[in-house]
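Below is one structure, written out as structure tokens, with a few remarks after it.
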Amino acid sequence: MNETLERWGSKRAFILAMTGAAVGLGNIWRFPYIAGENGGAAFLLLYVGFVLLLGIPVMMAEILIGRAGRQSPMRSLASLARANGASPRWRYLGLFGALTVFCILSFYSVVSGWSIEFLVASVNGNFDGQSPEAIGASFNAFLANPGLLVFNHSLFLFITMTVVAAGVSKGLERLNNVLMPLLYLLLLVLAGYGATTAGFEETLRWLFLPSFAALDATVVFHAMGHAFFTLAVGACALMAYGAYMPEEQSLTRAAFAVAVLDILVALLAGIAIFSIVFAQGLDPSEGPGLMFVTLPIAFAELPYGSLWLCGFFLLLLLATWTSAINLAEPMVATLTGLGWRRSLSTAAVALGVWLVGVLAALSFSTLAEFRPLLGRNVFELLSSIPPDVFLPLGGLLIAIFAAWVLPEAHAAKALGAGTRGFRLWRATLRFVSIPLTVVVLIGGVLAL
Ligand code: PHE
Ligand code: NA
1 MNETLERWGS
11 KRAFILAMTG
21 AAVGLGNIWR
31 FPYIAGENGG
41 AAFLLLYVGF
51 VLLLGIPVMM
61 AEILIGRAGR
71 QSPMRSLASL
81 ARANGASPRW
91 RYLGLFGALT
101 VFCILSFYSV
111 VSGWSIEFLV
121 ASVNGNFDGQ
131 SPEAIGASFN
141 AFLANPGLLV
151 FNHSLFLFIT
161 MTVVAAGVSK
171 GLERLNNVLM
181 PLLYLLLLVL
191 AGYGATTAGF
201 EETLRWLFLP
211 SFAALDATVV
221 FHAMGHAFFT
231 LAVGACALMA
241 YGAYMPEEQS
251 LTRAAFAVAV
261 LDILVALLAG
271 IAIFSIVFAQ
281 GLDPSEGPGL
291 MFVTLPIAFA
301 ELPYGSLWLC
311 GFFLLLLLAT
321 WTSAINLAEP
331 MVATLTGLGW
341 RRSLSTAAVA
351 LGVWLVGVLA
361 ALSFSTLAEF
371 RPLLGRNVFE
381 LLSSIPPDVF
391 LPLGGLLIAI
401 FAAWVLPEAH
411 AAKALGAGTR
421 GFRLWRATLR
431 FVSIPLTVVV
441 LIGGVLAL
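Under UniProt numbering, the first residue of the sequence shown is numbered 1, with each subsequent residue one higher.
Here's what the structure looks like:
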């Protein structure tokens, strides 16, 4: 009896840990603004398609490699490759993953800092009785304040790296398990509020009635990148988790559960935010500020608005925090794997991310016109290239490794699905996920 209970406990813990990595800014902040910039419904449809055809199979591949290797990503890849007659150079895939999460965390921490600022502002009641115009203006004024942006970024990163250094992320995860359902509930209330606004009908049309007139390679490319980003797939971050996954747990079920929850959270956020956008006549392609200017407007209309808003930003920060820890862990693990002490590794990662994050934070003021590549400033580069290019590239290599390098018997056993399920999964990887990623990636990069 006890044993069954314990197993169930660890299976559940595994799903919740993956959910912690998946649900974050990607769902609530990034999805609405990227969908807004890419035309709405057609983007949503493509993104859900990519989650099913690429996200889930590659997520399974990534976790499977971790579970089969039972070591850090670099070591798992090297030893599995060697055992199967492939080059141990596959270990560099783990290094590439570490580079990817480095870039992502640098801008993730800056945006999380915005949430800290908004939490403080709502505690102070700064949004009370403010007009939509005033809320938008105060957000822009905030972005133009380099000191404040750098301070909040530093604070968020410090809190994150402290948890990583102390190795207490398990405790935070437990706290999250209790509190995340509250965040979902709050989003449900907001979406419900959205349904009462004048913008609701247009929101539904805009989110669910695709028009393919404006569809081009770039929209498809962004939808693919977002599918990887929101599921946290392609950076070997989930591989590290796989190493702790119970042998008898179904990978298929875990991956589907996380993906479905992740989509639902994004949809609720999208409905809530676009209802305000259309009710207030705002611009859906407003950009990274979209969530920050719409939600205070929505909450201002609800009774006890400031209180709701505080709760919302507090819960959002918690969700972000667990994702950030998941972004930091693989880098720290890579350095400790190279023989560095844990404290030193954590400090080095923190310093590197902090520096690049400062450049990202200054991209809204001092460094706005510093555009080193593709005519984009540092924030624009970090928030687009790693999700759109690095994650799909990493995911592609992970898929190739799982579908072509790992021997069938090995993978079938590790997958823990029936033979039919295994064949379907591997065929999807080989004949759908891999070619699809290659084509979309090439099309997107050529259009950059
Ligand atoms: N999936 C996270 C989010 O949606 C971001 C993330 C990407 C986390 C990659 C880990 C690795 O916010
Ligand atoms: Na997500």
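Built from N, CA and C at the ideal position, the CB exists for glycine as well.
Taking the beta carbon of residue i as the centre, do at least 16 other beta carbons fall within 10 Å, making it buried, or is it exposed?
i, result
"Phe370", "exposed"
"Asn84", "exposed"
"Thr100", "buried"
"Asn124", "exposed"
"Pro387", "buried"
"Trp404", "exposed"
"Arg12", "exposed"
"Met1", "Any answer about Met1 is weak, because its pLDDT of 41 lies below 50 and its placement is not dependable; what the coordinates show is given next. It is exposed - the Cβ of Met1 has fewer than 16 other Cβ atoms within 10 Å."
What residue range does the alpha helix (DSSP H) around residue i cover?
i, result
"Gly270", "251-279"
"Ala237", "237-242"
"Leu355", "342-362"
"Ala430", "One detail in the question is off: residue 430 reads as Arg in this sequence, not Ala. From DSSP, Arg430 is part of no alpha helix (DSSP H); its letter is neither H nor E."
"Pro330", "305-337"
"Phe292", "290-301"
"Pro146", "146-166"
"Phe228", "217-231"
"Ala141", "132-143"
By alpha-carbon positions, which one of the options ends up nearest to residue i?
i, options, result
"Thr419", "Gly311, Thr252, Pro372", "Thr252"
"Leu264", "Val332, Val358, Leu44, Arg341", "Leu44"
"Asn140", "Gly129, Gly270, Phe292", "Phe292"
"Asp216", "Ile15, Ala42, Leu391", "Ala42"
"Ala21", "Tyr33, Met59, Leu46, Gly49", "Met59"
"Ser122", "Val438, Ala348, Ala427, Ala298", "Ala298"
"Gln130", "Leu302, Thr19, Asp283, Leu64", "Leu302"
"residue 450", "Pro407, Ser363, Met331, Gly66", "Because residue 450 is not part of the residues shown, which for the chain are 1 to 448, the question remains open."
"Leu391", "Val220, Ile65, Ala237", "Ala237"
"Phe200", "Asp262, Val120, Gly281, Gly421", "Gly281"
"His222", "Ala137, Ser343, Gly26, Arg205", "Gly26"
According to DSSP, residue i sits in a beta bridge with which residue or residues?
i, result
"Leu373", "Arg376"
Could you have a look at residue i and say whether DSSP puts it in helix, strand or coil?
i, result
"Gly36", "helix"
"Trp90", "helix"
"Gly49", "helix"
"Arg70", "coil"
"Ser109", "helix"
"Leu446", "helix"
"Ala399", "helix"
"Phe127", "coil"
"Gly287", "coil"
"Ala197", "Before going on, a small fix: residue 197 reads as Thr here, not Ala. In this structure, Thr197 counts as coil in the three-state DSSP scheme."
"Glu248", "coil"
"Gly26", "helix"
"Ala409", "helix"
"Leu282", "coil"
"Ser79", "helix"
"Gly192", "helix"
"Pro386", "helix"
Would you please verify whether the beta carbon of residue i is less than 8 Å from any beta carbon of chain C?
i, result
"Val58", "This model lacks chain C altogether, as it is built from one protein chain only."
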